[in-house]
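What follows is the structure in structure tokens.
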């Protein structure tokens, strides 16, 4: 297993009291698997993704990545793990508007301390994989939503992460563009990439190997996707 | 007789100088708008209180000339005397206040004196003395009614004195009728109440044939510490015969106090400037970091460390400091210092110029850089330490 979550619980404090976003969730993800997490709004799917992706800390429970318990990792250790082993794709792309497509993709590579030639090569390769080989020097404002999301995907895959976490990657895109993005995911998956994707659209979720459905912070359903 | 007059220039090259000070040059400016003359260090040597003059003056002069770093030496004979005008046409009241004044009568070697003090630059009418001049004098402006701006019985002055006028000088019991060759006006009252003779003639007037003088001024090379020469003269045993002072030692207390006040004001202003700069940088970085909070969150999310983000903001604030320092140094060294050198502030007692030393400026720049690092780090830290996910989601 590349990811193993045990008894994950996440509670938030709010003015109305305590909100339990995740309740004792147990989950495993195999290496090379394409997992889709779906559910209604507020079901806890994004919360689960943030716990698995080490962007947030669970209130209780453990997370193992490649059999290493990362639950008690310090902030610095989690940052290093995110940098080296994980890739993220956000709903609103989360690319830096003042940097070109190529510069956005090079950002994690720079932090990894690679030499400039290797950085350039990896960034160009990543952008090529998402069919943006001709848009290196464009600023995000000069790109369409689909292209910006593809830059975001290129940034997520540029450093060859072990797992890619995608949070509603098609939510801001029209159906045609969404299909293009899903196609990119499928191609990455074919190359053996582990992907965990959150989506509220069942149609898109079914392209994965496995689909889990959350409701009120609990996994209520687990099914096979069309890839199986 | 104590001749411990400070009529020497205030020297703008004292080693104690630090950046951004106001300095006062009392003697060797020709007036507003005239470029100051390069002022090397000087030492001022006068007779001891209990002596009438400096004993072994010539030995002292020769010794001083032999010291390394000494550019020139000038000596002065000085006696009190009386100067009269209009004594031929109105003999009935020779002691009227506008016809007779007490003054310090000085004998100088015109060439040597000018080489050391640039005294000729202060001649406002007529011309300066030449070494061969006989029965010709330069008169201080404060002895003349037309230059004294107030009328007081405490400050008697001579009326109707022009270049070429005859005046009668009485000193050491000898009286000479001499011609006014020039009028001198500096910012030092002691100078402006003197009458200058060529020393060759003056020695005869005061019967000083042993060549012992009353004042000796030593001109030093720039950057030479005046204390070195003062100590060398003292080591030579001359402190037994003369009072040896640096130009700063001989500076009157009021001038020293004014300098300290200006230095204090300078320190206060630069401290306020430093605080203002630090606060400005803090605000800029804080606003910048707050408006980019989400992007900072994204960067942290994809694995950029907090330290890297903080470092980038510190670098940014250092850039502001560097830019500000460069502009500041340009303004000070290229605009303000040359401007005040050419257009000194005309204080009644002195000309005020702006002195900025490189070392003083660099120290202030270093303090600015240090405060900038803190001013850049704190707001960056405040934003960076916020929860990564909250920053990404804009919560």
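Residue numbers (my numbering), protein chains in the order written: chain A, 1 to 228; chain B, 1001 to 1395. Note that CB positions come from ideal geometry on N, CA and C, so glycine has one too.
Out of the options, which has the shortest C-alpha to C-alpha gap to residue i?
i	options	result
residue 27/A	157/A, 59/A, 49/A	49/A
residue 1350/B	1252/B, 1084/B, 1325/B, 1163/B	1252/B
residue 1271/B	1224/B, 1226/B, 1363/B, 1343/B	1363/B
residue 1124/B	1063/B, 1336/B, 1298/B, 1182/B	1182/B
residue 1100/B	1107/B, 1108/B, 1110/B, 1159/B	1159/B
residue 76/A	59/A, 54/A, 68/A, 91/A	54/A
residue 1055/B	1245/B, 1263/B, 1241/B	1241/B
residue 237/A	93/A, 146/A, 30/A	Outside the displayed range of chain A (1 to 228) lies residue 237/A, so it cannot be described from this structure.
residue 31/A	179/A, 85/A, 214/A	85/A
residue 1209/B	1380/B, 1058/B, 1371/B, 1381/B	1058/B
residue 122/A	159/A, 69/A, 65/A, 134/A	159/A
residue 12/A	56/A, 36/A, 5/A, 40/A	56/A
residue 1176/B	1157/B, 1211/B, 1134/B	1134/B
residue 1374/B	1295/B, 1279/B, 1067/B	1279/B
At a Cβ threshold of 8 Å, is residue i touching chain B?
i	result
residue 10/A	no
residue 21/A	no
residue 299/A	There is simply no residue 299/A to check, as chain A begins at 1 and stops at 228 in what is shown.
residue 123/A	no
residue 94/A	yes
residue 83/A	yes
residue 150/A	no
residue 111/A	yes
residue 139/A	no
residue 56/A	yes
residue 134/A	no
residue 195/A	no
residue 126/A	no
residue 76/A	yes
residue 107/A	yes
residue 210/A	no
Does any residue of chain A have a CB that is nearer than 8 Å to the CB of residue i?
i	result
residue 1380/B	no
residue 1308/B	yes
residue 1285/B	no
residue 1304/B	yes
residue 1388/B	yes
residue 1300/B	yes
residue 1295/B	yes
residue 1392/B	yes
Quick check: what's the CA-CA separation for residue i versus residue j?
i	j	result
residue 89/A	residue 16/A	31 Å
residue 1342/B	residue 1162/B	30 Å
residue 1130/B	residue 1321/B	56 Å
residue 1072/B	residue 1180/B	28 Å
residue 1254/B	residue 1248/B	12 Å
residue 1347/B	residue 1354/B	13 Å
residue 1081/B	residue 1149/B	23 Å
residue 1395/B	residue 1338/B	55 Å
residue 218/A	residue 1324/B	58 Å
residue 1001/B	residue 1052/B	The pLDDT assigned to residue 1001/B is 31, lower than 50, so where the model puts this residue is not dependable; a value taken from the coordinates is nonetheless given after this. Going from the Cα of residue 1001/B to the Cα of residue 1052/B covers about 6 Å.
residue 1118/B	residue 1379/B	57 Å
residue 204/A	residue 1392/B	24 Å
residue 71/A	residue 52/A	10 Å
residue 169/A	residue 150/A	10 Å
residue 100/A	residue 1287/B	24 Å
residue 102/A	residue 137/A	6 Å
residue 1390/B	residue 98/A	22 Å
residue 1156/B	residue 1143/B	7 Å
residue 1298/B	residue 1361/B	41 Å
residue 969/B	residue 1259/B	This structure does not reach residue 969/B, given that chain B is present from 1001 up to 1395, and the question cannot be answered.
residue 201/A	residue 207/A	11 Å
residue 124/A	residue 156/A	13 Å
residue 210/A	residue 29/A	9 Å
residue 1202/B	residue 1365/B	55 Å
residue 1319/B	residue 1327/B	12 Å
With residue i and residue j assumed to form a contact (beta carbons below 8 Å), what rounded beta-carbon distance in angstroms separates them?
i	j	result
residue 1079/B	residue 1105/B	5 Å
residue 163/A	residue 3/A	7 Å
residue 154/A	residue 198/A	That belief does not hold up - the Cβ atoms of residue 154/A and residue 198/A are roughly 20 Å apart, past 8 Å.
residue 1216/B	residue 1075/B	5 Å
residue 79/A	residue 1300/B	7 Å
residue 1218/B	residue 1070/B	6 Å
Is there at least one non-hydrogen atom of the ligand ZN closer than 7 Å to the beta-carbon of residue i?
i	result
residue 1332/B	Among the ligands in the structure shown, none appear at all, so the ligand ZN cannot be discussed.
Threshold first: 4 residues or longer. Then list the alpha helix (DSSP H) segments lying entirely within the region 166-217 of chain A, N to C. 175-190, 202-205
May I have a chain-ordered list of the alpha helix (DSSP H) segments no shorter than 4 residues that lie completely inside the region 1048-1084 of chain B? 1057-1066
Counting only runs that start and end within the region 1214-1261 of chain B, where is the beta strand (DSSP E) found for 3 or more residues in a row? 1215-1220, 1242-1246
What are the uninterrupted segments assigned as alpha helix (DSSP H) that are 4 or more residues long and contained completely in the region 56-125 of chain A, given in chain order? 75-85, 101-111
Counting only runs that start and end within the region 1274-1331 of chain B, where is the alpha helix (DSSP H) found for 4 or more residues in a row? 1293-1301, 1306-1329
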